[in-house]
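Heads up, the sequence shown is in my numbering, so the first residue is 367 and it goes up one at a time.
Each residue gets a CB set at the ideal place from its N, CA and C atoms; glycine is no exception.
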Amino acid sequence: MVEPADVLGLTRGYKLQPHDDEAVEYYLLRRLLGRELPLEGIIMEDDPLSAPPWELLNRHGREDDAFFFAHGQTIDGKGSRNKRTCAGGGCWEGQKVIVDDKQLIIPDSGMEIPWKKYHLLNFHNDGEKGSTRWVMHEYSVTGPPDLASSSVRLYRILFSGHGKKRKREPDDYGRDDDGGERAA
367 MVEPADVLGL
377 TRGYKLQPHD
387 DEAVEYYLLR
397 RLLGRELPLE
407 GIIMEDDPLS
417 APPWELLNRH
427 GREDDAFFFA
437 HGQTIDGKGS
447 RNKRTCAGGG
457 CWEGQKVIVD
467 DKQLIIPDSG
477 MEIPWKKYHL
487 LNFHNDGEKG
497 STRWVMHEYS
507 VTGPPDLASS
517 SVRLYRILFS
527 GHGKKRKREP
537 DDYGRDDDGG
547 ERAA
């Protein structure tokens, strides 16, 4: 499998790890403004609710950490409550705002851009209890109105690996109800 870093001409093992304000300024804001990104292609276009996190990352040749651009989805299509249920079962739980309306000052214009970061603590398969150690961060621009009206979000999904359940995939994942292998 070709590593994403190889495709972009980066050193093997390169890992995108921007600080929160850098993720917003250099990636999300530029995306919203239609500007070129510093590393085109390092952030994937995919819906983080389209599959369980290990499947989503595997689909893009990633293991434990990746960034995605996607449109945020509200539960009823018009409200402020976001959908957190994934295709194929499972959901993200424990949503909490950890950065709320922090101001990002754009150096060349002096413009202030407020933004927000949600931290979703755990991904759970249906009926599962306890932490799976998968975490999702959601970044959104909350102003000015022309930028805040966009549904595009920046997501970071990562496997923390801390605690008792250190497996990336559940034991029963990939098996059907009869114990046989599930068709891909």
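Check the DSSP bridge columns for SER506 and list the partner residues they point to.
Here residue 506 refers to the residue found at position 140 of the sequence shown. In the DSSP output, where bridge partners are listed per residue, SER506 has LYS482.
Give me the residue from PRO414, HIS503, ASP431, ASP413 with the minimum Cα distance to VAL463.
Position 97 of the sequence shown, counted from the first residue, corresponds to residue 463. Out of PRO414, HIS503, ASP431, ASP413, HIS503 has the C-alpha closest to the C-alpha of VAL463.
Grouping DSSP H, G and I as helix and E and B as strand, with all else coil, what is GLU625?
For the chain, the structure presents residues 367 to 550; residue 625 sits outside this window and is missing.
With a CB to CB cut of under 8 Å and the five nearest residues on each side skipped, what residues in its chain are close to ASP474?
For this step, residue 474 is matched to residue 108 along the sequence shown. Spatial neighbours of ASP474 in its own chain (CB-CB distance under 8 Å, excluding positions within 5 residues in sequence) are not present.
CA nearest to the CA of VAL501, picked from LYS468, MET410, ALA432:
The residue you call residue 501 lines up with position 135 of the sequence shown. The residue with the shortest Cα to Cα distance from VAL501 is ALA432.
LEU524 and ASP430 look like a contact to me (Cβ under 8 Å); what is the Cβ gap, rounded to whole Å?
The residue given as residue 524 occupies position 158 in the sequence shown. The residue given as residue 430 occupies position 64 in the sequence shown. Taking C-beta atoms under 8 Å as the contact rule, LEU524 and ASP430 qualify, at a distance of about 6 Å.
Comparing C-alpha positions only, which one of GLU402, ASP466, LEU423, PRO480 sits nearest to PRO511?
Residue 511 sits at position 145 when you count from the first residue of the sequence shown. Measuring from the Cα of PRO511, the nearest candidate turns out to be PRO480.
Note the first and the last residue of the continuous alpha helix (DSSP H) segment covering ALA432.
Position 66 of the sequence shown holds residue 432. Looking at the DSSP string, ALA432 is not in any alpha helix (DSSP H); the run it does join, the beta strand (DSSP E), is 431-437.
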